[in-house]
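J.: Below: one structure in structure tokens.
Protein chains in written order, with our numbering: chain Z, 1 to 318; chain E, 1 to 258; chain Y, 1 to 293.
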């Protein structure tokens with residue numbers, strides 16, 4: 001009888017703990033300068049965003065350009081709750097509130113728009129995310145165009161790390177289940193999928209809502225790290241940044257998204273010393289990467305697919 | 001009561017009449033053929049029967065547990081859940097998924113664990129997954145694809161892709177199976193094997209089959225009854241011998257010199 | 001009623017600008033199915049060329065516009081050759097991200113060379129005069145924008161419908177492979193499409209520089225997005241659709257701000273886009289194409 005407690009999962013747990021310890025010791029031992037710590041947290045938040053978007057675009061094949069909108073809902077919900085309860089409990093409550101609101105909004109967005117295909121869907125989701133941004137800009141509770149400030153700084157590296165691990169497990173377990181396979185089949189061939197008894201609308205919506213909720217979590221972590229929130233932070237360019245990570249890593253590759261977020265984070269950090277031409281170089285980097293590696297770093301493969309054969313998991317019936 | 005009964009079915013595309021006034025019946029356990037020249041409207045009829053297109057007029061009724069159910073306007077996935085499954089003329093496999101996964105997807109409609117169970121990997125997830133995979137492998141064995149279960153569907157040779165499509169449709173546990181040109185592009189040897197396979201699954205799973213085919217030897221050899229479609233209308237129906245000698249069919253379809 | 005008519009007049013001139021930019025989007029999308037996000041920045045480039053020509057060279061309106069159109073044309077073709085051509089057979093999302101890369105590159109390169117601050121056209125470039133009749137105000141700028149846009153659109157229609165290269169464009173947009181088999185030089189046709197679209201965007205840039213009298217390196221982002229929405233609104237790939245969509249978006253937007261909703265005028269545009277997409281995804285003038293099974 002199979003269960004979670006396999007040798008394989010034990011190895012993974014050890015690997016994750018080792019990675020965590022290395023970073024944690026480096027941070028608490030003050031071996032990493034402050035600017036780098038900001039970069040690490042940003043990369044971590046981007047990983048969560050990219051994983052969620054990859055579920056929508058990479059695995060389910062639904063081209064969404066509205067991820068920043070869901071992130072902003074999470075960020076503002078957390079900030080508003082944190083203003084009343086400035087402690088970790090407040091952050092978690094805010095996160096839950098944000099996820100609930102995001103889920104509802106994502107449903108409202110998904111049901112009409114997911115009937116659209118390809119570029120049309122991209123534009124519709126982009127439109128919705130801009131509507132969310134403009135709504136936030138015009139509401140009192142969110143501080144209008146000025147935004148919110150004095151948000152307590154509660155996000156720490158361990159917290160971000162835990163949420164990255166949770167996101168990876170959630171998406172991994174989802175795509176390796178019958179429900180996840182149904183989502184992938186929608187990407188592969190929607191008509192065939194529907195003819196094989198898959199309720200494609202349901203699965204597209206499901207993937208969309210799960211992805212949006214992860215964005216909401218990332219938003220909450222963001223709010224509790226950077227003191228201030230401005231509606232302009234969550235504009236169209238933020239959605240594009242996340243999309244670039246997903247495509248650069250490889251659509252349908254979780255490890256690709258993680259690696260891409262790290263690589264792009266490092267590129268960004270290196271370019272900070274050339275602030276004047278930073279964006280120019282970043283833009284050139286995007287063009288060069290896309291022209292020379294259009295399928296992204298990993299394509300749809302995972303990092304484990306590159307391990308020696310004998311280490312790979314047997315996918316056969318056990 | 002027939003398993004499937006089609007009455008006065010019509011489909012118009014912007015004034016173009018693809019199918020008009022089609023009447024058809026399929027009984028339990030029957031192997032029925034649907035033939036006709038290119039562009040006669042065979043695939044359109046299939047698409048209406050499987051819910052991909054919504055009929056303009058007429059009715060489609062499917063008998064389940066002795067009760068007739070109207071299929072007009074029902075979404076394809078619900079029709080599949082009622083017990084009708086299909087293959088496609090231009091193979092539509094999930095190309096970047098493995099052979100096994102292709103079959104597993106058709107079993108999704110019967111999956112008995114929810115999303116939360118999957119996310120938390122509760123014991124039920126493992127139990128169901130193992131049971132599903134076992135069933136899928138049994139099915140693949142019948143179609144002689146068990147050795148290739150780990151291969152990506154797009155890497156299979158053509159004939160095996162056709163077989164996998166049928167296997168995938170069978171995984172949806174249909175009572176009525178629609179095959180859209182299953183022998184297209186096959187050599188005579190492969191066609192002969194396919195003929196045996198279709199007969200075998202009909203007997204083994206006690207299902208009815210409706211198939212579109214251009215290969216006359218296969219149709220005449222396999223089907224118990226045949227419908228002939230031309231310019232969107234049924235011009236003849238009957239047992240293979242009747243069709244072979246039907247004057248209108250010969251004129252419309254086989255050419256006059258036959 | 002006067003407010004309505006006044007906003008209609010204002011909307012028509014802004015809408016003409018959107019329409020000119022939307023044409024470039026729609027033609028490029030029609031021919032290579034790419035949302036050319038850098039197109040809004042070509043419009044920005046046009047505005048800056050106009051700034052340069054009017055201040056440093058002291059040229060008048062029409063020579064300035066012509067120069068901007070030529071330079072934007074060259075830029076558009078270069079971008080296509082360097083960035084998009086290698087990706088013609090890659091997935092759409094890859095080309096889309098490349099387009100975004102190009103867009104960022106143009107914006108920040110301009111910012112590097114010209115600085116992030118706002119520039120203005122010289123006061124004597126095309127002095128503004130306002131005419132009033134029946135309580136409605138209309139400026140010579142608005143008339144100029146409207147007339148020039150209409151003339152450019154008519155010229156475009158003639159090129160696409162009456163010339164050999166226009167026929168080639170239509171052929172490539174229907175089926176590039178078949179067009180190539182019929183002896184059409186697909187690469188040249190695509191380059192020509194970019195040239196046409198970019199020239200129109202360049203003209204739009206100069207006119208907006210004159211009309212609003214303020215240009216900056218990021219000015220192309222929002223109008224670019226709205227022009228794309230205009231293209232979708234009218235039916236993407238359809239030239240009259242882009243004109244109609246551009247005018248519709250321009251009028252809607254000015255109406256929304258005219259009636260005191262300027263804070264949410266962008267939201268109005270997006271909501272209308274969403275409604276159109278949901279009701280008729282192929283746009284106002286588009287035909288529904290169902291996937292063949």
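Glycine is no exception: its CB is placed at the ideal position from the N, C-alpha and C atoms.
Mind checking whether the beta-carbon of residue 273 (chain Y) lies closer than 6 Å to any heavy atom of the ligand ADP?
T.: With respect to the ligand ADP, the structure offers nothing, as it holds no ligand at all.
J.: Of the residues Y:21, Y:14, Y:257, which one's Cα is nearest the Cα of residue 232 (chain Y)?
T.: The residue given as residue 232 (chain Y) occupies position 232 in the third chain. With distances taken between Cα atoms, residue 232 (chain Y) lies closest to Y:21.
J.: Start and end of the beta strand (DSSP E) containing residue 5 (chain E)?
T.: For the purposes of this step, residue 5 (chain E) is identified with residue 5 of the second chain, where counting begins at 1. Element bounds for residue 5 (chain E): 4-13.
J.: Do the region 64-76 of chain Y and the region 265-279 of chain Y make contact, defined as three or more Cβ pairs closer than 8 Å?
T.: Counting Cβ pairs under 8 Å, fewer than three are found: no touch.
J.: Rounded to whole angstroms, what is the Cα-Cα separation between residue 280 (chain Z) and residue 290 (chain Z)?
T.: Against the first chain, residue 280 (chain Z) aligns to sequence position 280. Against the first chain, residue 290 (chain Z) aligns to sequence position 290. Cα-Cα distance, rounded: 16 Å.
J.: Using DSSP's beta-bridge definition, name the partner residues of residue 130 (chain Y).
T.: For the purposes of this step, residue 130 (chain Y) is identified with residue 130 of the third chain, where counting begins at 1. Per DSSP, Y:139.
J.: What residues in its chain sit with their C-beta under 8 Å from that of residue 208 (chain E), if we drop five residues either side in the sequence?
T.: The count along the second chain starts at 1 and reaches residue 208 (chain E) at position 208. Correct list, in chain order: 3, 4, 26, 27, 28, 29, 30, 31, 32, 175, 176, 177, 202.
J.: Measuring only the C-alpha atoms, how far is residue 239 (chain E) from residue 217 (chain E)?
T.: Walking along the second chain from the start, residue 239 (chain E) turns up at place 239. Walking along the second chain from the start, residue 217 (chain E) turns up at place 217. For residue 239 (chain E) and residue 217 (chain E), the distance between alpha carbons rounds to 14 Å.
J.: Can you look up residue 199 (chain Y) in the DSSP assignment and give me helix, strand or coil?
T.: Walking along the third chain from the start, residue 199 (chain Y) turns up at place 199. Residue 199 (chain Y): helix per DSSP, three-state reduction.
J.: Cβ of residue 178 (chain Z) less than 7 Å from any chain E Cβ?
T.: If you number the first chain from 1, residue 178 (chain Z) lands on position 178. Output row for residue 178 (chain Z): interface = yes.
J.: Any beta carbon from chain Z within less than 7 Å of residue 105 (chain Y)'s own beta carbon?
T.: By one-based count along the third chain, residue 105 (chain Y) stands at place 105. Yes, residue 105 (chain Y) lies at the interface with chain Z (some Cβ there is under 7 Å from its Cβ).
J.: Determine the DSSP secondary structure at residue 233 (chain E), reduced to helix, strand or coil.
T.: Residue numbering aside, residue 233 (chain E) sits at position 233 when the second chain is read from its first letter. It is a strand residue.
J.: Kindly indicate which three-state DSSP category residue 116 (chain Y) falls into: helix, strand or coil?
T.: Counted from its first residue, the third chain places residue 116 (chain Y) at position 116. In this structure, residue 116 (chain Y) counts as coil in the three-state DSSP scheme.
J.: At least one CB of chain E closer than 7 Å to the CB of residue 189 (chain Z): is that the case?
T.: As a working mapping, residue 189 (chain Z) is identified with position 189 in the first chain. Closer than 7 Å: yes.
J.: Could you give the first and the last residue of the continuous alpha helix (DSSP H) run that contains residue 86 (chain E)?
T.: Residue 86 (chain E) sits at position 86 when you count from the first residue of the second chain. That residue, residue 86 (chain E), is in no alpha helix (DSSP H); its beta strand (DSSP E) goes 84-86.
J.: Using beta carbons (cut-off 7 Å, strictly below), is residue 321 (chain Z) in contact with chain Y?
T.: Look at the range of chain Z in this structure, 1 to 318, and you will see that residue 321 (chain Z) is not part of it.
J.: Leaving out five residues on either side along the sequence, give the residues of the same chain with a beta carbon under 6 Å from the beta carbon of residue 172 (chain E).
T.: Within the second chain, residue 172 (chain E) is the residue found at index 172, counting from 1. Cβ neighbours of residue 172 (chain E) beyond the five flanking positions: 80, 85, 106.
J.: Would you mind sorting residue 241 (chain Y) into buried or exposed? The rule is 16 or more other CB atoms within 10 Å of its CB.
T.: Here residue 241 (chain Y) corresponds to residue number 241 of the third chain, with the count starting at 1. Buried is the call here.
J.: Find the residues of chain Z that neighbour residue 281 (chain Y), judging by a C-beta separation of less than 7 Å, and give them in chain order.
T.: Locating residue 281 (chain Y) in the third chain gives position 281, where the first residue counts as 1. In chain order: 116, 120.
J.: DSSP three-state call for residue 223 (chain Y): helix, strand or coil?
T.: For the purposes of this step, residue 223 (chain Y) is taken as the residue at position 223 of the third chain. DSSP places residue 223 (chain Y) in helix when its eight states are reduced to three.
J.: In whole angstroms, what is the alpha-carbon distance linking residue 230 (chain Y) and residue 247 (chain Y)?
T.: Position 230 of the third chain, counting from 1, holds the residue named residue 230 (chain Y). Position 247 of the third chain, counting from 1, holds the residue named residue 247 (chain Y). Those two C-alpha atoms are separated by around 8 Å.
J.: I need the straight-line Cα distance from residue 191 (chain Z) to residue 75 (chain E), nearest angstrom please.
T.: Against the first chain, residue 191 (chain Z) aligns to sequence position 191. Against the second chain, residue 75 (chain E) aligns to sequence position 75. So the alpha carbons of these two residues sit roughly 11 Å apart.
J.: Which residues of the region 107-118 of chain E have a Cβ closer than 9 Å to any Cβ of chain Z? Give them in chain order.
T.: Cβ contacts with chain Z come from 107, 108, 109, 110, 111, 113, 114, 115, 117, 118.
J.: Within 10 Å of its beta-carbon, does residue 75 (chain Z) have 16 or more other beta-carbons around it, so buried, or fewer, so exposed?
T.: Taking the first chain and counting its residues from 1, the one referred to as residue 75 (chain Z) is at position 75. Classification of residue 75 (chain Z): buried, given that the 10 Å Cβ count is 16 or more.
J.: Would you say the region 201-216 of chain Y touches the region 40-47 of chain Y, given that touching needs at least three Cβ pairs under 8 Å?
T.: The answer is yes - the region 40-47 of chain Y touches the region 201-216 of chain Y, with three or more Cβ pairs under 8 Å.
J.: Go to residue 167 (chain Z), then tell me how far its alpha helix (DSSP H) extends in each direction, as first and last residue.
T.: Against the first chain, residue 167 (chain Z) aligns to sequence position 167. Note, residue 167 (chain Z): alpha helix (DSSP H), 157-175.
J.: Check whether the Cβ of residue 278 (chain E) lies closer than 7 Å to any Cβ atom in chain Z.
T.: Since the first and last residues shown for chain E are 1 and 258, residue 278 (chain E) lies out of range.
J.: Looking only at C-alpha atoms, which of Y:32, Y:9, Y:13 sits nearest to residue 188 (chain Y)?
T.: Taking the first residue of the third chain as 1, we reach residue 188 (chain Y) at position 188. Cα-wise, what sits closest to residue 188 (chain Y) is Y:32.
J.: For residue 269 (chain Z), which residues of its own chain have a beta-carbon under 8 Å away from its beta-carbon, when the five flanking residues on both sides are left out?
T.: As a position in the first chain, residue 269 (chain Z) is number 269, starting the count at 1. 35, 36, 39.
J.: Would you mind listing the alpha helix (DSSP H) stretches within the region 140-185 of chain Y that are 4+ residues and don't spill past its ends, in chain order?
T.: Those alpha helix (DSSP H) runs which fall completely within the region 140-185 of chain Y and span 4+ residues are 140-162, 164-174, 176-181.
J.: So with CB distances below 7 Å, who are the chain Z contacts of residue 176 (chain E)?
T.: As a first step, residue 176 (chain E) is located in the second chain; it is residue number 176 there, counting from the start. Going along chain Z, no residue has its Cβ under 7 Å from residue 176 (chain E), so there is no contact; the nearest lies around 13 Å.
J.: Do residue 239 (chain Z) and residue 68 (chain Z) have their beta-carbon atoms positioned less than 7 Å apart in this structure?
T.: Position 68 of the first chain, counted from the start, is the residue given in the question as residue 68 (chain Z). Position 239 of the first chain, counted from the start, is the residue given in the question as residue 239 (chain Z). Yes, Cβ-Cβ distance for residue 68 (chain Z) and residue 239 (chain Z) is below 7 Å.
J.: With a Cβ-Cβ cutoff of 7 Å, do residue 198 (chain Z) and residue 47 (chain E) count as a contact?
T.: Taking the first residue of the first chain as position 1, residue 198 (chain Z) is located at position 198. Taking the first residue of the second chain as position 1, residue 47 (chain E) is located at position 47. Not a contact, by the Cβ cut-off of 7 Å.
J.: Taking the continuous beta strand (DSSP E) assigned at residue 18 (chain E), which residues delimit it?
T.: The residue labelled residue 18 (chain E) in the question sits at position 18 within the second chain. 16-26 is the span of the beta strand (DSSP E), which, as asked, contains residue 18 (chain E).
J.: Determine whether the Cβ of residue 54 (chain Z) lies closer than 7 Å to any Cβ atom of chain Y.
T.: Numbered from its first residue, the first chain carries residue 54 (chain Z) at position 54. Chain Y contact via Cβ: absent.
J.: Is there a C-beta anywhere in chain Z that falls below 7 Å from the one on residue 121 (chain E)?
T.: Against the second chain, residue 121 (chain E) aligns to sequence position 121. Yes, residue 121 (chain E) lies at the interface with chain Z (some Cβ there is under 7 Å from its Cβ).
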